[in-house]
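Colleague:
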Amino acid sequence: MSDNPLAELARCLPDLRLLTEPGDLEHYGRDWTRRWTPAPLAIALPASVDEVLAVVRWANRRQVAIVPSGGRTGLSGGAVAARGELVLALERMNRVLDFDAVDRTLTVQAGITLQAVHEAARGHGLAYPVDFAARGSCSIGGNIATNAGGIRVIRYGNTREWVAALKVVAGNGELLELNRALIKNSSGYDLRQLMIGSEGTLGIVVEATLKLADPPRPSQVMLLALPDMDALMQVFALFRARLALQAFEFFTDRALQNVLAHGAQRPFDGDHPYYVVTEFDAVDEPARDAALAAFGHALEQGWVSDGVIAQSEAQAAALWRLREGITESLAPRRPYKNDVSVRVSLVPAFLHEMQALLAREYPHAEVVWFGHIGDGNLHINVLRPDELSEEAFIAQCEHVTRLLAETLQRHGGSISAEHGIGLVKRSYLDSTRSAAEIALMRGVRRVFDPNGILNPGKLFVRD
Ligand code: 2HG
Ligand code: ZN
21 MSDNPLAELA RCLPDLRLLT EPGDLEHYGR DWTRRWTPAP LAIALPASVD
71 EVLAVVRWAN RRQVAIVPSG GRTGLSGGAV AARGELVLAL ERMNRVLDFD
121 AVDRTLTVQA GITLQAVHEA ARGHGLAYPV DFAARGSCSI GGNIATNAGG
171 IRVIRYGNTR EWVAALKVVA GNGELLELNR ALIKNSSGYD LRQLMIGSEG
221 TLGIVVEATL KLADPPRPSQ VMLLALPDMD ALMQVFALFR ARLALQAFEF
271 FTDRALQNVL AHGAQRPFDG DHPYYVVTEF DAVDEPARDA ALAAFGHALE
321 QGWVSDGVIA QSEAQAAALW RLREGITESL APRRPYKNDV SVRVSLVPAF
371 LHEMQALLAR EYPHAEVVWF GHIGDGNLHI NVLRPDELSE EAFIAQCEHV
421 TRLLAETLQR HGGSISAEHG IGLVKRSYLD STRSAAEIAL MRGVRRVFDP
471 NGILNPGKLF VRD
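Okay, so the sequence shown: first residue is 21 according to the working numbering, each after it adds one.
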């Protein structure tokens with residue numbers, strides 16, 4: 021056995037593309053968190069399942085940690101390689117492998133972008149309905165690793181609902197074919213579902229068979245301005261009862277100001293505390309009238325103060341940009357992020373406590389919040405005040421996150437709604453999962469990955 025594990029890998033797999041240039045190590049070693057200094061051993065870019073298998077078997081032999089890597093758009097540090105790991109980037113495995121019109125499934129390699137999946141589904145007259153702003157860069161493997169949610173969960177659910185089968189290289193070097201796209205399969209543990217949301221700690225997804233839906237029905241996009249969160253929840257109840265919602269997303273005035281400063285167009289005169297972008301089926305005149313009537317009712321009740329309905333696709337896109345552009349507009353300031361959820365029925369009670377907590381604990385920081393209110397999912401982005409060092413700022417945010425985690429625990433909520441735990445939230449996992457659950461999760465990890473080579477340090481505080 022050679023002393024140098026990387027040299028051995030290159031020798032065993034002469035066709036495997038390996039990168040070791042400093043620029044590549046930096047590029048592939050980080051995700052959108054930008055908190056850790058990338059320091060991977062090297063980057064492997066396999067082109068086949070066989071190569072992935074061989075790399076995982078080599079890593080087991082040589083005790084080298086692997087960080088599976090998709091589009092690295094994650095916000096929890098799940099794809100960060102800062103401790104000499106081998107980054108296994110699946111971007112070359114980005115093809116559509118099969119479409120089955122009878123099963124209504126699309127089989128893809130894990131490195132394909134979400135947008136390419138959308139386009140392929142559309143090309144067959146169908147739709148892959150999971151959607152969010154990072155669609156052009158994120159990969160389906162990464163979506164599966166975090167059970168990604170996004171802007172259409174209210175109608176279609178999370179990634180979990182749309183995965184019919186998975187091909188996975190487990191941490192122990194076995195190739196697993198999970199569920200084989202069966203609709204009915206009552207034959208024991210559903211390892212496919214266990215894999216979804218496991219953040220690369222059990223296996224590396226190499227292929228996925230995705231369920232496809234009917235194309236979305238013709239819709240309208242409306243932007244609403246609202247005076248307060250209580251009114252917003254009233255409007256949500258009203259719209260959900262009267263319209264067929266495809267999305268119901270909210271953001272604060274601070275969020276809007278940041279997106280406008282980033283080049284978006286102001287939707288109407290005047291400032292309002294809160295905004296909602298909602299999209300709903302509008303197949304015919306009666307459906308469009310129902311939407312206008314619901315808006316009129318909300319106006320009469322004083323729940324909304326202003327609103328616009330997009331009159332063209334370009335206008336709809338401009339309204340969506342106000343919501344979808346938030347993350348990008350804040351990114352240069354490297355915000356500290358929370359991504360929390362409670363049951364929808366508990367949103368009002370949780371919100372009151374959360375607002376009081378944030379106002380008390382962050383008297384000087386700019387706090388931007390927004391999110392998928394119809395799913396009970398709120399995103400909180402805290403911006404560092406100039407006078408605070410990065411270190412002091414993170415320490416303050418971690419303290420507040422602990423308080424937030426306690427509040428969430430009282431409301432039965434989760435410290436990670438859709439971004440995963442990764443490195444960022446591993447200290448708070450115990451606020452959402454019991455000690456017994458965490459012990460079982462760690463046990464499951466040991467079964468799939470006995471040598472602990474897959475994404476060590478992610479999800480759990482101790483490996
Ligand atoms: C979104 O909903 C994403 O736009 C990102 O989940 C949220 O940047 C964030 O905090
Ligand atoms: Zn989100």
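Here a beta-carbon is modelled for each residue, glycine too, at the ideal position from N, C-alpha and C.
Just the C-alpha distance for residue 101 and residue 375, rounded to the nearest angstrom, thanks.
Modeller: Using only the alpha carbons, I get a separation of about 35 Å.
Colleague: When burial is assigned at 16 or more other CB atoms within 10 Å of the CB, is residue 384 buried or exposed?
Modeller: Looking at its Cβ environment, which holds fewer than 16 other Cβ atoms inside 10 Å, residue 384 is exposed.
Colleague: Does residue 240 come out as helix, strand or coil in the three-state DSSP assignment?
Modeller: The answer is strand: DSSP assigns residue 240 an E or B state.
Colleague: Would you tell me roughly how many angstroms separate the C-alpha atoms of residue 264 and residue 179, rounded to the nearest one?
Modeller: When rounded, the distance between both Cα atoms is 21 Å.
Colleague: Which residues in the same chain as residue 7 place their Cβ atom closer than 7 Å to its Cβ, once the five residues preceding and following it in sequence are excluded?
Modeller: The question about residue 7 has no answer, for the chain in this structure spans 21 to 483.
Colleague: Distance check for residue 307 and residue 317, CA to CA, integer angstroms please.
Modeller: C-alpha separation (whole angstroms): 15 Å.
Colleague: For residue 340, report the span of its alpha helix (DSSP H) as first-last.
Modeller: That run of the alpha helix (DSSP H) goes 333-344.
Colleague: Taking 7 Å as the cut-off, does the CB of residue 391 come closer than this to any heavy atom belonging to the ligand 2HG?
Modeller: For the ligand 2HG, at least one heavy atom lies less than 7 Å from the Cβ of residue 391.
Colleague: Can you tell me whether residue 268 sits near the ligand ZN, meaning its C-beta is under 7 Å from at least one heavy atom of the ligand?
Modeller: Not so, every heavy atom of the ligand ZN lies at least 7 Å from the Cβ.
Colleague: According to DSSP, is residue 250 part of a helix, a strand, or is it coil?
Modeller: Here residue 250 sits in helix by DSSP.
Colleague: At a cut of 8 Å, does the segment 215-226 reach the segment 162-178 through at least three beta carbon pairs?
Modeller: Touching, yes, given that three or more Cβ pairs across the two stretches are closer than 8 Å.
Colleague: Which value, in whole angstroms, describes the spacing of the CA atoms of residue 359 and residue 239?
Modeller: For residue 359 and residue 239, the distance between alpha carbons rounds to 28 Å.
Colleague: Check each candidate in 356, 149 and 173 and name the one with the smallest Cα separation from residue 416.
Modeller: Nearest C-alpha to residue 416: 356.
Colleague: Can you grab the Cα-Cα spacing for the pair residue 299 / residue 268, in whole Å?
Modeller: Whole-angstrom Cα-Cα distance: 7 Å.
Colleague: Do residue 438 and the ligand ZN come close, with the Cβ less than 7 Å from some heavy atom?
Modeller: For the ligand ZN, at least one heavy atom lies less than 7 Å from the Cβ of residue 438.
Colleague: Looking at residue 436 and residue 481, is the spacing between their C-beta atoms short of 8 Å?
Modeller: For residue 481 and residue 436, no; Cβs fall outside 8 Å.
Colleague: By the DSSP assignment, the alpha helix (DSSP H) with residue 458 in it spans what residues?
Modeller: Residues 455-468.
Colleague: Say yes only if the C-beta of residue 169 is nearer than 7 Å to one or more non-hydrogen atoms of the ligand ZN, and no if none qualify.
Modeller: Yes, Cβ of residue 169 sits closer than 7 Å to a heavy atom of the ligand ZN.
Colleague: Would you list the one or two residues that DSSP bridges to residue 129?
Modeller: Residue 129 pairs with 227.
Colleague: Please determine whether the Cβ atom of residue 372 lies at a distance below 7 Å from any heavy atom of the ligand 2HG.
Modeller: The answer is no for residue 372.
Colleague: Taking just the CA atoms, how far does residue 39 sit from residue 455?
Modeller: Straight-line Cα distance between these residues: approximately 40 Å.
Colleague: Under the rule that 16 or more other beta-carbon atoms within 10 Å means buried, what is residue 154, buried or exposed?
Modeller: By the 10 Å Cβ count, residue 154 comes out buried.
Colleague: Can you tell me whether residue 83 is buried or exposed? The criterion is at least 16 other CB atoms within 10 Å of its CB, across all chains shown.
Modeller: Looking at its Cβ environment, which holds fewer than 16 other Cβ atoms inside 10 Å, residue 83 is exposed.
Colleague: With distance defined between alpha-carbon atoms, name the residue in 72, 243 and 369 nearest to residue 432.
Modeller: Among 72, 243 and 369, the Cα nearest to that of residue 432 belongs to 369.
Colleague: Return helix, strand or coil for residue 353, following the three-state DSSP convention.
Modeller: Helix at residue 353.
Colleague: Cβ of residue 479 within 8 Å of Cβ of residue 191?
Modeller: The answer is no: Cβ separation not under 8 Å.
Colleague: Rounded to whole angstroms, what's the CA-CA distance from residue 285 to residue 253? Just pull it up for me.
Modeller: Looking at the two C-alpha atoms, the distance is approximately 26 Å.
Colleague: Return the CA-CA distance between residue 399 and residue 36, expressed in angstroms with no decimal places.
Modeller: Answer to the nearest angstrom: the Cα atoms are 39 Å apart.
Colleague: Check the DSSP bridge columns for residue 397 and list the partner residues they point to.
Modeller: Answer is 361 and 392, bridged to residue 397.
Colleague: Buried or exposed: where does residue 411 fall if 16 or more other Cβ atoms within 10 Å of its Cβ makes it buried?
Modeller: By the 10 Å Cβ count, residue 411 comes out exposed.
Colleague: Run the proximity test for residue 95: is its beta-carbon closer than 7 Å to any non-hydrogen atom belonging to the ligand 2HG?
Modeller: Residue 95 Cβ: within cutoff of the ligand 2HG.
Colleague: Taking a contact to mean a Cβ-Cβ separation below 8 Å, would you say residue 160 touches residue 109 in this structure?
Modeller: No, the pair does not count as a contact, with Cβ atoms beyond the cut-off.
Colleague: Is the number of C-beta pairs between the segment 234-248 and the segment 187-201 that are closer than 8 Å three or more?
Modeller: The segment 234-248, when compared against the segment 187-201, does not touch it at the 8 Å Cβ threshold.
Colleague: Taking the continuous beta strand (DSSP E) assigned at residue 89, which residues delimit it?
Modeller: 86-89 is the extent of the beta strand (DSSP E) around residue 89.
Colleague: From this set, 326, 52, 341 and 70, which residue's C-alpha is nearest residue 195's C-alpha?
Modeller: Answer by Cα proximity: 70.
Colleague: Going by Cα to Cα distance, which pick from 364, 377 and 193 is closest to residue 260?
Modeller: Minimum Cα distance to residue 260 is reached at 364.
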